[in-house]
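*Asks:*
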Amino acid sequence: MSPERPILLRTNVSPLRLMVLSCLLVACAASPPTSAPPRGIAKMESGQFCDATEAAPCVSLACDEGWCAFFLCEDVAPRVEPALMPVARPPLRRGWGVRLGIRNGAQPVITFPWHPHVQVRPVYQLPAGRYVRHHIFPQAPDLALYFQRAGIKIHDFTLVIPEHVHRYIHGGGPRGGRWNDAWAQFIKAHPQPPRPDVIYRHAGDLIFRFELTGKVMPYYKR
Numbered sequence: 002m003s004p005e006r007p008i009l010l011r012t013n014v015s016p017l018r019l020m021v022l023s024c025l026l027v028a029c030a031a032s033p034p035t036s037a038p039p040r041g042i043a044k045m046e047s048g049q050f051c052d053a054t055e056a057a058p059c060v061s062l063a064c065d066e067g068w069c070a071f072f073l074c075e076d077v078a079p080r081v082e083p084a085l086m087p088v089a090r091p092p093l094r095r096g097w098g099v100r101l102g103i104r105n106g107a108q109p110v111i112t113f114p115w116h117p118h119v120q121v122r123p124v125y126q127l128p129a130g131r132y133v134r135h136h137i138f139p140q141a142p143d144l145a146l147y148f149q150r151a152g153i154k155i156h157d158f159t160l161v162i163p164e165h166v167h168r169y170i171h172g173g174g175p176r177g178g179r180w181n182d183a184w185a186q187f188i189k190a191h192p193q194p195p196r197p198d199v200i201y202r203h204a205g206d207l208i209f210r211f212e213l214t215g216k217v218m219p220y221y222k223r
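Using my numbering, read the sequence shown as starting at 2 and increasing by one per residue.
1) Alpha carbon to alpha carbon, what distance is there between Phe71 and Ala30?
2) Taking 7 angstroms as the cut-off, decide whether the C-beta atoms of Gly177 and Ala141 are in contact.
3) Pull up the distance between the alpha-carbon of Val217 and that of Gly67, whole angstroms please.
4) Can you grab the Cα-Cα spacing for the pair Ile200 / Glu164, in whole Å?
5) Counting C-beta neighbours from all protein chains within 10 Å, is the total for Phe209 16 or more, i.e. buried, or is it exposed?
6) Decide yes or no for the touch test of the stretch 104–114 against the stretch 133–152: beta carbon pairs closer than 8 angstroms, at least 3 of them.
7) Can you name the start and end residues of the alpha helix (DSSP H) that Pro163 belongs to?
8) His135 and His156: beta carbons closer than 7 angstroms?
9) Roughly how many angstroms lie between the CA atoms of Ala183 and Gly173, to the nearest whole one?
10) Tell me, please, which residues DSSP counts as bridged to Phe209.
11) So, with DSSP's three-state summary, where would you put Tyr115?
12) Residue range of the alpha helix (DSSP H) that Tyr221 falls in?
13) Starting from Arg179, trace the alpha helix (DSSP H) in both directions and tell me its first and last residue.
14) Does the distance from the CB of Pro219 to the CB of Ala151 come in under 7 angstroms?
15) Taking C-beta to C-beta, are Ile188 and Trp180 nearer than 7 angstroms?
16) To which residues does DSSP link Val133 through a beta bridge?
17) Considering only C-alpha positions, which residue in the set Ala145, Cys64 and Tyr147 is nearest to Pro114?
18) Do Leu160 and Leu207 have their C-beta atoms within less than 7 angstroms of each other?
19) Whose C-beta lies closer than 7 angstroms to the C-beta of Cys74 among residues of the same chain, with five residues either side of it excluded?
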């Protein structure tokens, strides 16, 4: 195991802030250790800490052997010369923190693991979703005839999308659902088919409006 440098930090903090700070430190502990301290902690000035009051007792944060603990300041020696030591496994052994200057027999206010190497495996894995080929230009006979008059081959342009998305865009409305209805409104506004590039541009607008993404390919292509 790689050596770990012990940490000793003294501050004045209320019990509520102590609990919040502990939660934040536990969250940080879930991330792998880095060679440098996190930004904002290495440059923290003592003036950023709260002043001592009767409601905010002085506590010291001590981290060593893969664990951290808050102790009352009176349980910690004023000066400490930390040494290097291999990381130990929990729970805290008897005499933990002695090399940090913590009084023998002192009880911590709260403890939590530091840099635990725990791999959480997923309980279950979702099955792969089903995909279908969606005709960008609808196949409904009245709509398909319009595109045929415009010189567009509807089976040459399909979009591979999730099946549940395909059901959604073809649901909620008359036959063909929302997608066909959007094209019906375009055809109503342009009884005579415009140039193909105008129709293609509107197809792109509909793809953007319905938030569709996928590979465009001919319907009969394997």
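Even glycine gets a Cβ: it sits at the ideal position worked out from N, Cα and C. Quick caveat: nothing in here was measured; it's all calculated off a predicted structure.
*Replies:* Considering the structure as presented:
1) Its pLDDT being 48, under 50, Ala30 is placed unreliably by the model, and nothing is read from it.
2) In this structure, Gly177 sits near Ala141, with a CB-CB distance shorter than 7 angstroms.
3) Their Cα atoms are separated by approximately 53 angstroms.
4) Taking the straight line joining both Cα atoms gives about 25 angstroms.
5) Only exposed fits Phe209, as fewer than 16 other CB atoms lie within 10 angstroms of its CB.
6) These segments do not touch.
7) Taken as a continuous stretch (DSSP letters only), Pro163 belongs to no alpha helix (DSSP H), being part of the beta strand (DSSP E) at Thr159 to Pro163.
8) Between His135 and His156, the gap from beta carbon to beta carbon reaches 7 angstroms or more.
9) Approximately 12 angstroms, taken between the alpha carbons.
10) BP columns for Phe209 are empty, so no partner.
11) In the sequence under discussion, the amino acid at residue 115 is Trp, which differs from the Tyr named in the question. In this structure, DSSP gives Trp115 a state outside helix and strand, which the three-state scheme calls coil.
12) In the DSSP assignment, Tyr221 falls outside any alpha helix (DSSP H) and carries neither an H nor an E.
13) Residues Gly178 to Ala190.
14) No; because the gap between Cβ atoms is not below 7 angstroms, this pair is not in contact.
15) No. Outside cutoff.
16) Answer is Ile162.
17) The candidate whose alpha carbon is nearest that of Pro114 is Cys64.
18) Taking 7 angstroms as the Cβ cut-off, Leu160 and Leu207 do not qualify as a contacting pair.
19) Taken in chain order, the residues that qualify are Arg11, Cys59, Val60 and Ser61.
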